[in-house]
Amino acid sequence: MAEVLDANPTLPAPVGRGFAEPWQASVFAITVHLHERGVITWQEWAQALGARLARDVAGSGSEATGYEATGYEATGYFEAWAAALADQLEAQGLVAPGEIAGTQVRWHEAAARTRHGDPIELWVTAQRS
49 MAEVLDANPT LPAPVGRGFA EPWQASVFAI TVHLHERGVI TWQEWAQALG
99 ARLARDVAGS GSEATGYEAT GYEATGYFEA WAAALADQLE AQGLVAPGEI
149 AGTQVRWHEA AARTRHGDPI ELWVTAQRS
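Residue 49 is where the sequence shown starts when you use the numbering used here, and the numbers rise one by one after that.
1) For the alpha helix (DSSP H) that contains Q136, what are its first and last residues?
2) Give a yes or no on whether the C-beta atoms belonging to L68 and F126 are separated by under 9 Å.
3) Along the chain, where does the alpha helix (DSSP H) that runs through V87 open and close?
4) For Q95 and chain C, any beta-carbon pair shorter than 9 Å?
5) Give the straight-line distance between the Cα atoms of Q91 and T151, rounded to the nearest whole angstrom.
6) Between the Cα of W71 and those of W171, L137, A131, spot the shortest distance and give me the residue it belongs to.
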């Protein structure tokens, strides 16, 4: 991670040291992979993440960013990171508007109806053309 951040000074660094949860590392890795494949530039990414962070702060009614954690608290930062990635994918037309949010809802519904220890089955209700 350090070499990616060092090579790309416009890429915002996460708060703290490392990742608090596996999904945070995953969303970071997906973003790096999309950059390496030429899907997004670091400048586009920095603008998308900055816009999402600003939107989240404005919506909170707080002057604090919420991303300047004392100790180690990166969850809010990476939630904004994931939302910015979804924004970027939708803006580029790589996913349909609302597709990611809809999949999240279906995933939570599937998890709620699944017994502990059983695999979660995500039912597809409509086919993409």
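Every residue, glycine too, gets a C-beta built ideally from N, C-alpha and C.
What you are looking at is a predicted structure, and each value in this text was computed from that prediction instead of being measured.
Answer, in terms of the structure:
1) Against the sequence shown, residue 136 aligns to sequence position 88. Counting along the chain, the alpha helix (DSSP H) containing Q136 begins and ends at 123 to 139.
2) By 1-based counting over the sequence shown, the position of residue 68 is 20. By 1-based counting over the sequence shown, the position of residue 126 is 78. What sits at residue 68 in the sequence shown is Ala, not Leu. Cβ distance < 9 Å, so A68 and F126 count as in contact.
3) On the sequence shown, residue 87 is found 39 positions in, with the first residue counted as 1. Run containing V87: none; DSSP gives neither H nor E here.
4) The chain inventory of the structure shown lacks chain C, comprising one protein chain alone.
5) As a first step, residue 91 is located in the sequence shown; it is residue number 43 there, counting from the start. As a first step, residue 151 is located in the sequence shown; it is residue number 103 there, counting from the start. Between the C-alpha atoms of Q91 and T151 there is a straight-line separation of about 28 Å.
6) Within the sequence shown, residue 71 is the residue found at index 23, counting from 1. The shortest C-alpha separation from W71 is found at A131.
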